[in-house]
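*Asks:* Letter 112 of the sequence shown, counting from 1, is numbered 94 in my numbering, and no numbers are missing.
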Amino acid sequence: MPKPDQTQHSKDSEIEIDISQLRPGVHVRIPGSWLTHGFMFNSFVITDEVQVRQIASLKLPKLYSDPSRCKVDPLPRQANPVVPVTLLPTNDPATPLVKNSMTKVYQERTNITAILRRRLNTTHRHYAEAVIAVNNAFKFIDSEPKKSMMQVAEVSEKSIAELLADPDSAITLITEKGQYEGQAAHAMSVMTLAQLLGKQAGLTEDALHVIGVGALLHDIGKLTFHSSVLLNTHRNSFEESVYRSHCRVGYDKALLAGGLSSEMLDIILHHHECFDAKGFPDQLKGEKIALATRIVSIANRFDNIINPIDPYHSKLPSQALGVMWSKEKDRFDKTLLQLFIRAMGVYPPGSIVLLSDQRIGVVVASTSVVNSVSPQVLIYERNVPRHEAAILDLTQETLIKIERPLSLKERTEEELEYLLPRRKIRWSFYRKRS
-17 MPKPDQTQHS KDSEIEIDIS QLRPGVHVRI PGSWLTHGFM FNSFVITDEV QVRQIASLKL
43 PKLYSDPSRC KVDPLPRQAN PVVPVTLLPT NDPATPLVKN SMTKVYQERT NITAILRRRL
103 NTTHRHYAEA VIAVNNAFKF IDSEPKKSMM QVAEVSEKSI AELLADPDSA ITLITEKGQY
163 EGQAAHAMSV MTLAQLLGKQ AGLTEDALHV IGVGALLHDI GKLTFHSSVL LNTHRNSFEE
223 SVYRSHCRVG YDKALLAGGL SSEMLDIILH HHECFDAKGF PDQLKGEKIA LATRIVSIAN
283 RFDNIINPID PYHSKLPSQA LGVMWSKEKD RFDKTLLQLF IRAMGVYPPG SIVLLSDQRI
343 GVVVASTSVV NSVSPQVLIY ERNVPRHEAA ILDLTQETLI KIERPLSLKE RTEEELEYLL
403 PRRKIRWSFY RKRS
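(1) Quick check on the burial criterion: 16 or more other C-beta atoms within 10 angstroms. Buried or exposed for Q33?
(2) Between which two residues does the alpha helix (DSSP H) carrying L232 extend?
(3) Identify the continuous beta strand (DSSP E) that holds A347 and give its terminal residues.
(4) Say whether the segment 86 to 106 touches the segment 362 to 378, bearing in mind that this needs 3 or more beta-carbon pairs closer than 8 Å, one atom from each stretch.
(5) What's the call for T380, buried or exposed, on a 16-neighbour Cβ count within 10 Å?
(6) Would you grab the beta carbon distance between E(-2) and K44 for me? Rounded to a whole angstrom, and I think it's under 8 Å.
(7) The beta strand (DSSP E) spanning V359 covers which residue range?
(8) Assuming A259 and L266 are in contact, meaning their beta carbons sit under 8 Å apart, how far apart are those beta carbons, in whole angstroms?
(9) Counting C-beta neighbours from all protein chains within 10 Å, is the total for F122 16 or more, i.e. buried, or is it exposed?
(10) Of the residues R11, L175, A236, I280, which one's Cα is nearest the Cα of H253?
(11) Quick one: what's got a C-beta closer than 6 Å to L374's C-beta in the same chain, skipping five residues either side?
(12) For I37, tell me which candidate among F21, W307, H168, D48 has the shortest Cα-Cα distance.
(13) Out of V195, K270, S209, G203, state which residue places its alpha-carbon closest to the alpha-carbon of G241.
(14) Hey, out of D264, L205, L57, R324, whose CA is closest to S348's CA?
(15) Can you tell which of G343, R5, E255, L238 has its C-alpha closest to the C-alpha of P403?
(16) With DSSP run on the structure shown, which of helix, strand or coil describes V67?
(17) Considering only residues of the same chain and omitting the five flanking positions on each side of L190, which have a CB-CB separation below 6 Å?
(18) Give me, in chain order, the residues of the same chain whose beta-carbon lies closer than 7 Å to that of P(-14); leave out the 5 immediate sequence neighbours on both sides.
(19) With 16 as the cutoff for other CB atoms within 10 Å, does I277 come out buried or exposed?
(20) Considering R324, what are the terminal residues of the alpha helix (DSSP H) in which it resides?
(21) Count Cβ pairs between the segment 229 to 249 and the segment 123 to 143 that sit closer than 8 Å; are there 3 or more?
(22) Can you check DSSP and say which residues form a bridge with L421?
(23) Does the separation of the CB atoms of S47 and P58 fall below 9 Å?
(24) Would you call the segment 195 to 205 in contact with the segment 127 to 140, where contact means no fewer than 3 C-beta pairs closer than 8 Å?
(25) So, with DSSP's three-state summary, where would you put V418?
(26) Within 10 angstroms of its Cβ, does E222 collect 16 or more other Cβ (buried), or is it exposed?
(27) Does DSSP put S243 in a helix, a strand or coil?
(28) Count the other CB atoms, across all protein chains shown, that sit within 10 Å of the CB of N289; report buried if there are 16 or more and exposed otherwise.
(29) Note down, in chain order, each residue of its chain lying with its Cβ closer than 8 Å to the Cβ of S(-5), except the 5 sequence neighbours on either side.
(30) Going by beta carbon distance, what residues of the same chain come within less than 8 Å of D285, once the five residues before and after it are set aside?
(31) What would DSSP say about E(-2), mapped onto helix, strand or coil?
(32) Where S356 and R5 are concerned, what is the direct C-alpha to C-alpha distance, given to the nearest angstrom?
(33) What span of residues does the beta strand (DSSP E) with H216 cover, start to end?
(34) DSSP puts L374 in a beta bridge; with which residues?
(35) Cutting at 7 Å between CB atoms, please list the residues of its own chain near P66, excluding the five before and the five after it.
(36) Answer yes or no: do P293 and S333 have a C-beta to C-beta separation smaller than 9 Å?
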C-alpha cells in the first residue's frame, strides 16, 4: 500500500509527467476520482515496481508530480511516450494479482460508500417527512389540539423505530440541518438526541416515547412569540422575562390540549432547569428535576450550540461537547452528560477533522466505544464530486488517524460547502465576521 503524503499538496508546485517517467521514489498524483483506481490515495510516493504497473494499467493521459516530494527524480520524458513493455509483462505472475487487488479495493470502497449513502438517504427521508408532520401539528395545535397531539405521538413512535435504528445518520442530519428551519426542525433534533441518550441509558421504549413527545413539544410556548424576542441574542431584562415565560405558556397550552402524561408535561415546563438550581422557571435542583427532563435538557443545549440563532456562533459537534463538559457541566446531570458524550463519540458525525496525512474530511459515521477515535470519514477532494468522494473506515487503516478536530473558522467556504452541504449557511457572510 502506498504511504500518504505528510504535507498538504499545492498544485502550483506540480509538474505534468507521463507513465514512462515513473519509478520507485517518484511522487505521483493521479487525477480524478478514487473510484477510477485501486489506490487509497490520489497523491503518494511510489514504493515499488508493482505500484508502477498498477498506475500504468490505468492508461491515464496525464499524471502529476511534485518534485519537492520526490525521493528520486522522474525518469527522462520520452519524445513519443509509450508504456514500456517491461512495465506490463504479460507473463508476470504479479499482473493478475495486481488487477485482482485493485478490483477488490474498488469493490470494497464502492460497497462501503453505497451502504452509507443508502443509510443517510433513508434517514433523511424519514427526517424530512417528520419535520413536515411536526410543523403541521404546530400549525393546528390551537384549532385542532387532539389531532396535533396524535401527529406528535406518531412521529415519536416512528422515530424510535427508524431514526434510532441508524443513530450515525440521524446525528449527521442534525449537525447539517440548516436546510430545515424553524421550531419543528429544532424539536425534531432535540427529540432524536434525547431518545438516543435515553436508549444509551437503557430506558424502555415506553420511556423513550415519553421523552420523544415531551421533546417535540418542549418549545410550543414559543409558537405565539414574536421573532423580535425569539431571534434576539441580546435581550433586555423585560425581553428575557418574556422569553422565559415560554416554559409556563407551553405547559398551559399542552395541558389544555390534553392527552399528555405528567412526565411529558414536566419536560415542557422544566426543560430549562439546571442541576445547580440556576435554571428556570422554578430553580429546581439535582434529582428534583425528573430524569426524562434532565435528558431533554442535555439534548436541547447540544442542538442550540451547534445550530444557534446566529450561525456565526455555530460550533461543530466535538466543540459543543467540549463546551458542555468543560464550561457547563454543573448545569447538567454529570452521569447523563458523560453518557451522552460517550454515545456521541470522540468525533461525532458532522465533525470536520484533519487526518495525519494532512487531508481534511467530515465524520459520517462513528464507531464503537472501544475504538471511538477511528470513525468513518468522507474525504474532501476539490476535483472529485462529493457523491464520488472517498470514505475511509479508520478502523481498517494502519497509516492514517485523526490528528485533531477543526473549527468552522479554519476552513474555506468551498470546503464547508463540500463537507456540510445540507447546512446551507451563508458561509461567505460567516467568514467575513470571523
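Think of the CB as a built atom: it goes at the ideal place given N, C-alpha and C, for glycine as much as any other residue.
In this text, all values refer to a predicted model and were calculated from it rather than measured experimentally.
*Replies:* In short:
(1) buried
(2) One point to set straight first is that residue 232 is Gly, not Leu, in the sequence displayed. For G232, the enclosing alpha helix (DSSP H) starts and ends at 228 to 239.
(3) Note, A347: beta strand (DSSP E), 342 to 347.
(4) yes
(5) Taking every protein chain shown into account, the CB of T380 has fewer than 16 other CB atoms within 10 angstroms, so this residue is exposed.
(6) 6 Å
(7) 358 to 361
(8) 7 Å
(9) exposed
(10) I280
(11) Residues of the same chain with a CB within less than 6 Å of the CB of L374, apart from the 5 flanking positions on each side, are V359 in chain order.
(12) F21
(13) V195
(14) R324
(15) G343
(16) Model confidence at V67 stands at a pLDDT of 42, short of 50, so the residue's coordinates are unreliable; what they give is reported in the following sentence. Note: V67 maps to helix in three-state DSSP.
(17) Closer than 6 Å at Cβ, skipping near neighbours: I142, Q177, G180.
(18) Here P(-14) scores only 48 on pLDDT, less than 50, and its place in the model should not be relied on; the value that follows carries that caveat. For P(-14), where only same-chain residues beyond five positions count, the Cβ hits under 7 Å are F23, F26, D339, L381, I382.
(19) I277 is buried by the Cβ-count criterion.
(20) From DSSP, the alpha helix (DSSP H) with R324 extends over 316 to 326.
(21) yes
(22) There is no way to answer for residue 421, as the model of the chain reaches only from -17 to 416.
(23) no
(24) yes
(25) Outside the shown range of the chain, which is -17 to 416, sits residue 418, and nothing can be said about it.
(26) exposed
(27) In this structure, DSSP gives S243 a state outside helix and strand, which the three-state scheme calls coil.
(28) buried
(29) D48, P49, S50
(30) I156, H168, S171, V172, L175
(31) Looking at E(-2) - three-state DSSP - the assignment turns out to be strand.
(32) So the alpha carbons of these two residues sit roughly 33 Å apart.
(33) Taken as a continuous stretch (DSSP letters only), H216 belongs to no beta strand (DSSP E), as it is neither H nor E.
(34) V359
(35) No answer about P66 holds up, because its pLDDT of 47 lies below 50 and its placement is not dependable.
(36) no
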